[in-house]
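**Q** Under this note's numbering, the first residue of the sequence shown carries the number 4, and numbering increases by one thereafter.
The beta-carbon is built from N, C-alpha and C at its ideal position, and this holds for glycine as well.
Starting off with a structure, shown below.
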Amino acid sequence: MRPASLASFIAIGTYGCSAVVRRLGLPAVWNQGVAFSSFGDRSSLAVGIGFVALSILSAMVYEKSAYTRSGIIMLWGGALGNLMDRLLYGSVMDYIPVPFWPGGLYVNVADLAIMLGCIYLIQGFYGAKEAE
4 MRPASLASFI AIGTYGCSAV VRRLGLPAVW NQGVAFSSFG DRSSLAVGIG FVALSILSAM
64 VYEKSAYTRS GIIMLWGGAL GNLMDRLLYG SVMDYIPVPF WPGGLYVNVA DLAIMLGCIY
124 LIQGFYGAKE AE
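Printed below as a string of structure tokens:
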């Protein structure tokens, strides 16, 4: 178990989710979907497809740029963080509000790692093609 997940598991288990989130001054939104709350009840299918895609990308990690390797590492870290929440709590707790998103959007640190990992992957793939 990752240290961050262990810390959140202990804090939530000891004090309850709402108490921890209130103490930090953050809203808590439990998300059972995947990727902007999509897939709903079929989130396990989406997670499985995501891990297959990550496995394929990981097979290419040694051949690619530092951006690509960093992107894959961030994607794996974010995916594993969200998976731990799903296994421990049945859903993912989102607590960082994105104010400019229409209708409101909440994310967590794992989601940010996934988004940043995607940006790094795109930079790694396109940057490598431009360098050739």
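1. Less than 7 Å separating the beta-carbons of Asn85 and Asp97?
2. So, with DSSP's three-state summary, where would you put Asn111?
3. Helix, strand or coil for Trp79 per DSSP?
4. Measuring straight from C-alpha to C-alpha, what distance separates Tyr129 and Tyr70?
5. Rounding to the nearest angstrom, what Cα-Cα distance links Ile125 and Ile75 in this structure?
6. Return the residue from the list Ser58, Val37, Leu60 and Leu27 that minimises the CA-CA distance to Val50.
7. Would you mind reading off the limits of the beta strand (DSSP E) that contains Pro100?
**A** Taking the coordinates as given:
1. To locate residue 85, count along the sequence shown from 1; it is residue 82. To locate residue 97, count along the sequence shown from 1; it is residue 94. Their beta carbons are not under 7 Å apart, which means Asn85 does not touch Asp97 by this criterion.
2. Stepping through the sequence shown from its first residue, residue 111 is reached at position 108. Reduced to three states, the DSSP call for Asn111 is coil.
3. Looking up residue 79 in the sequence shown gives position 76. Note: Trp79 maps to helix in three-state DSSP.
4. Working through the sequence shown from its first residue, we reach residue 129 at position 126. Working through the sequence shown from its first residue, we reach residue 70 at position 67. When rounded, the distance between both Cα atoms is 10 Å.
5. Sequence index remark: in the sequence shown, residue 125 carries index 122 (1-based). Sequence index remark: in the sequence shown, residue 75 carries index 72 (1-based). Distance between the alpha carbons of Ile125 and Ile75: 11 Å.
6. Position 47 of the sequence shown holds residue 50. Nearest of Ser58, Val37, Leu60 and Leu27 to Val50, Cα basis: Val37.
7. For the purposes of this step, residue 100 is identified with residue 97 of the sequence shown, where counting begins at 1. Per DSSP, Pro100 belongs to the beta strand (DSSP E) from Ile99 to Val101.
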